[in-house]
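Colleague: Protein chains in written order, with our numbering: chain B, 9 to 115; chain W, 9 to 115.
Number of protein chains: 2
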Amino acid sequence: MKNKNKKAHCAVDYAFQRIGGKYKGRILWVLRDGFLRYGELKRAVVGITPKMLTQTLKELEADELIVRKVYLEVPPKVEYSLTDTGKELIPFISQMRSWGEKQMATN
Amino acid sequence: MKNKNKKAHCAVDYAFQRIGGKYKGRILWVLRDGFLRYGELKRAVVGITPKMLTQTLKELEADELIVRKVYLEVPPKVEYSLTDTGKELIPFISQMRSWGEKQMATN
DNA sequence: TACTTTATTGTACATACTTGCTGTAAAGAT
DNA sequence: ATCTTTACAGCAAGTATGTACAATAAAGTA
């Protein structure tokens with residue numbers, strides 16, 4: 009779900025391009041309360057591989073939805089958090105989540 | 009973005025699986041006001057190929073987000089509309105759209 | 001010295017998604 | 001008889017996305 013070089017046909021298209029992708033929503037969601045380290049994210053987003061986590065975090069960072077903060081320590085420490093733009097997405101991820109919960113219960 | 013045989017890790021995951029995909033959001037969005045025929049959808053969702061339109065409509069139908077109504081006429085006539093479940097998604101697609109518009113303006 | 005920890009990166013491969021193009025049915029118009 | 005219209009279906013091919021597994025750096029600990 010690359011963002012660069014893609015022109016959106018409309019705002020809906022644009023938004024979906026920006027937060028579509030298998031893990032983006034979940035990552036933004038688990039980051040809603042603050043800072044998480046790489047390993048914490050990995051545990052929070054069950055089922056994601058390290059490769060995909062790294063890749064998706066990079067995309068989200070390039071997209072300015074999250075911030076990556078590196079601590080110069082050994083072993084390495086990196087913390088991720090939402091940008092203001094990222095935070096704006098939380099309400100509707102929340103809404104989608106409610107819808108999803110309701111739907112899952114219905115079946 | 010197949011839905012069958014996929015188990016969601018959480019409600020966010022579930023929701024994204026169900027409306028993720030390049031065109032699903034846009035199709036649901038243009039159907040918000042009522043019924044559209046295949047050809048009308050094709051014109052409304054600019055850039056979609058007939059193949060993808062058909063495929064995406066099938067997925068949405070299997071997913072019970074839209075209804076397909078066939079008129080036994082020649083040449084064929086088929087109308088698509090939202091189910092109640094599909095309609096529930098409109099508010100937050102709308103919200104995403106607002107966010108998208110704001111973002112697009114910001115750049 | 002060897003082992004552990006953390007946050008990656010690299011390669012190879014598999015699967016999913018998307019596009020482009022051609023083809024079809026069947027009634028009505030020319 | 002041929003053309004037009006509508007809503008698709010089929011196939012080949014490319015691109016994007018995702019998985020599995022191995023490897024790295026560099027300090028601290030056993």
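Even for Gly, the Cβ is constructed at its ideal location relative to N, Cα and C.
The structure displayed is predicted, hence computed values, not measured ones.
Compare the Cα-Cα distances from L68(B) to each of A16(B), S106(B), I35(B), Y22(B) and report the closest residue.
Modeller: Cα-wise, what sits closest to L68(B) is I35(B).
Colleague: Within the continuous beta strand (DSSP E) that includes Y88(W), where are the two ends?
Modeller: Per DSSP, Y88(W) belongs to the beta strand (DSSP E) from 85-90.
Colleague: Opposite R45(B) in the DSSP bridges: which residues?
Modeller: E87(B).
Colleague: Could you pull out every residue in the same chain whose Cβ sits closer than 6 Å to the Cβ of D21(W), ignoring the five residues on either side in sequence?
Modeller: Result list for D21(W): empty, nothing under 6 Å.
Colleague: Taking C-alpha atoms, which residue in I27(W), H17(W), A16(W), C18(W) lies nearest to T93(W)?
Modeller: Ranking the options by Cα distance to T93(W), first place goes to I27(W).
Colleague: Let me see if you follow: with CB-CB separation under 7 Å, is R51(W) close to chain B or not?
Modeller: No - not a single Cβ of chain B is within 7 Å of the one on R51(W).
Colleague: Assign L80(B) to buried or exposed, taking buried as 16 or more other Cβ atoms, counted over all protein chains shown, within 10 Å of its Cβ.
Modeller: L80(B) is exposed by the Cβ-count criterion.
Colleague: Let me make sure I understand the geometry here. Which of V38(B), K15(B), A23(B) has the alpha-carbon closest to that of A19(W)?
Modeller: Among V38(B), K15(B), A23(B), the Cα nearest to that of A19(W) is on V38(B).
Colleague: Out of H17(B), K32(B), A16(B), K15(B), point me to the one whose CA is closest to A23(W)'s CA.
Modeller: For A23(W), the nearest C-alpha among the options comes from K32(B).
Colleague: Spell out whether any CB of chain W is found under 7 Å from the CB atom of F24(B).
Modeller: True, the Cβ-Cβ gap to chain W drops below 7 Å.
Colleague: Is the separation between the beta-carbon of F43(B) and that of E72(B) shorter than 7 Å?
Modeller: Cβ atoms of F43(B) and E72(B): not closer than 7 Å.
Colleague: What residues match up with K66(W) in a beta bridge as DSSP calls it?
Modeller: In the DSSP output, where bridge partners are listed per residue, K66(W) has none listed.
Colleague: Span of the beta strand (DSSP E) holding V20(W)?
Modeller: Note, V20(W): premise wrong, no beta strand (DSSP E); alpha helix (DSSP H) at 19-27.
Colleague: For T91(W), which residues in the same chain have their Cβ closer than 7 Å to its Cβ, ignoring the five residues on either side in sequence?
Modeller: Result list for T91(W): E72, L73, I74, V75, in chain order.
Colleague: Apply the 10 Å Cβ neighbour rule to V53(B) and answer buried if 16 or more other Cβ atoms are within range, or exposed otherwise.
Modeller: Looking at its Cβ environment, which holds 16 or more other Cβ atoms inside 10 Å, V53(B) is buried.
Colleague: Any Cβ of chain W within less than 7 Å of the Cβ of F43(B)?
Modeller: Not closer than 7 Å to any Cβ of chain W, the Cβ of F43(B) fails to qualify, so no.
Colleague: What's the call for M1(B), buried or exposed, on a 16-neighbour Cβ count within 10 Å?
Modeller: The question about residue 1(B) has no answer here: the residues shown for chain B are numbered 9 through 115.
Colleague: Which of the three DSSP states, helix, strand or coil, is assigned to R76(B)?
Modeller: DSSP places R76(B) in strand when its eight states are reduced to three.
Colleague: Nearest to S89(B) by alpha carbon, out of A113(B), G108(B), Y46(B)?
Modeller: Among A113(B), G108(B), Y46(B), the Cα nearest to that of S89(B) is on Y46(B).
Colleague: Output yes if chain W places a C-beta closer than 7 Å to the C-beta of R105(B); else output no.
Modeller: Yes, because at least one Cβ of chain W sits closer than 7 Å to the Cβ of R105(B).
Colleague: Alpha carbon to alpha carbon, what distance is there between A113(B) and I101(W)?
Modeller: Taking the straight line joining both Cα atoms gives about 22 Å.
Colleague: Quick one: is T57(B) buried, meaning 16 or more other Cβ sit within 10 Å of its Cβ, or exposed?
Modeller: Exposed: under 16 other Cβ atoms inside 10 Å.
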